[in-house]
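Please read the structure below before turning to the comments.
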Amino acid sequence: MLMEIKDLCAGYGDLQVLFDISMEIGEGEVVSLVGSNGAGKTTLLRIISGLEPVKSGSITYGGKDLTQLRAYEKADYGIAHIPQGRGILGSLSVKENLIMGAYPKSARAHMEENIEKSFEMFPILKERENQMAGSLSGGEQQMLAIARALMIRPKLLMLDEPSLGLAPIVVNDMFRIISEVAGQGMSILIVEQNLKQALSVADRGYVLETGRIVMEGKASELLEDKAVQAAYLGI
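Residues in the sequence shown are numbered consecutively from 5, following our numbering.
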């Protein structure tokens with residue numbers, strides 16, 4: 005087991021957003037976290053990556069308790085987080101964004117090698133390496149966000165709404181890329197409103213509603229579940 009979250013509670017100030025969250029992510033496993041707007045999905049990713057504090061509960065990763073570590077410390081353990089909106093530095097070039105992604109000391113030692121791997125995975129970024137990132141298309145920016153996250157050679161890659169703002173044909177390409185990344189043996193946690201796409205690339209899934217896990221299971225079983233279909237697919 006790569007990561008285990010037990011009885012996690014968190015929020016913002018006096019506002020509690022997450023209630024007794026327990027979930028697991030296995031080695032090389034793709035897990036989708038789905039739910040409606042305001043369910044707490046983004047908050048959970050921010051907690052896992054160390055951007056927000058935990059009120060109670062625990063986060064164990066690779067057998068180590070990382071509950072209270074900050075984001076830069078968790079990055080050293082190979083936890084990468086692509087936030088909603090991608091977090092691209094628009095005034096920097098594509099290559100400069102990749103260099104910024106190699107901020108942990110362990111990643112800097114392999115920076116040039118990792119940049120070349122990113123260009124092999126995303127040839128369009130090689131073509132655009134000196135172009136300002138802010139001038140890229142939405143799909144290209146999402147590719148850059150993934151490539152930048154891969155600069156630390158993560159063991160766990162977390163993506164928050166990777167399809168947000170993308171045209172349908174680009175969304176299909178994006179999830180194909182996610183499948184290819186998963187094929188390298190990396191663990192992936194996807195937060196996504198597009199339930200069908202998210203579960204189609206996942207091994208397992210969790211359904212989050214009003215800050216609580218209300219359902220979990222194999223991705224294929226969740227896709228066929230009548231309650232899930234009615235709530236999220238309009239079937």
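Cβ atoms here follow ideal geometry from the backbone N, Cα and C, with glycine treated the same way.
Does DSSP classify residue i as helix, strand or coil?
i: R157; result: coil
i: E220; result: strand
i: D229; result: coil
i: Q20; result: strand
i: M178; result: helix
i: E31; result: coil
i: L163; result: strand
i: M136; result: strand
i: I86; result: strand
i: I128; result: helix
i: Q72; result: coil
i: A235; result: helix
i: G143; result: helix
i: A171; result: coil
i: I150; result: helix
Along the alpha helix (DSSP H) that carries residue i, what are the first and last residues, could you check?
i: M115; result: 115 to 125
i: G105; result: 98 to 105
i: A79; result: 75 to 79
i: L203; result: 199 to 204
i: A111; result: 109 to 112
Could you tell me the boundaries of the beta strand (DSSP E) in which residue i lies?
i: I194; result: 191 to 195
i: I51; result: Per DSSP, I51 belongs to no beta strand (DSSP E); it is in the alpha helix (DSSP H), 45 to 53.
Per DSSP, residue i forms a beta bridge with which residues?
i: S36; result: I194, G209
i: S60; result: C13
i: M7; result: I29, Y65
Taking the C-alpha atoms as reference points, what is the distance between residue i and residue j?
i: N101; j: A231; result: 42 Å
i: V35; j: E133; result: 31 Å
i: A273; j: I51; result: With the chain covering only 5 through 239, there is no way to say anything about residue 273.
i: T47; j: G15; result: 8 Å
i: I128; j: E8; result: 36 Å
i: Y236; j: L37; result: 13 Å
i: L168; j: L73; result: 29 Å
i: I29; j: M162; result: 11 Å
i: R152; j: A223; result: 28 Å
i: G94; j: A137; result: 5 Å
i: G105; j: I156; result: 7 Å
i: I63; j: K159; result: 15 Å
i: G221; j: R208; result: 6 Å
i: D11; j: S60; result: 7 Å
Shorter than 8 Å from the beta carbon of residue i to some beta carbon of chain C?
i: G67; result: Protein chains in the displayed structure number just one, and chain C is not present.
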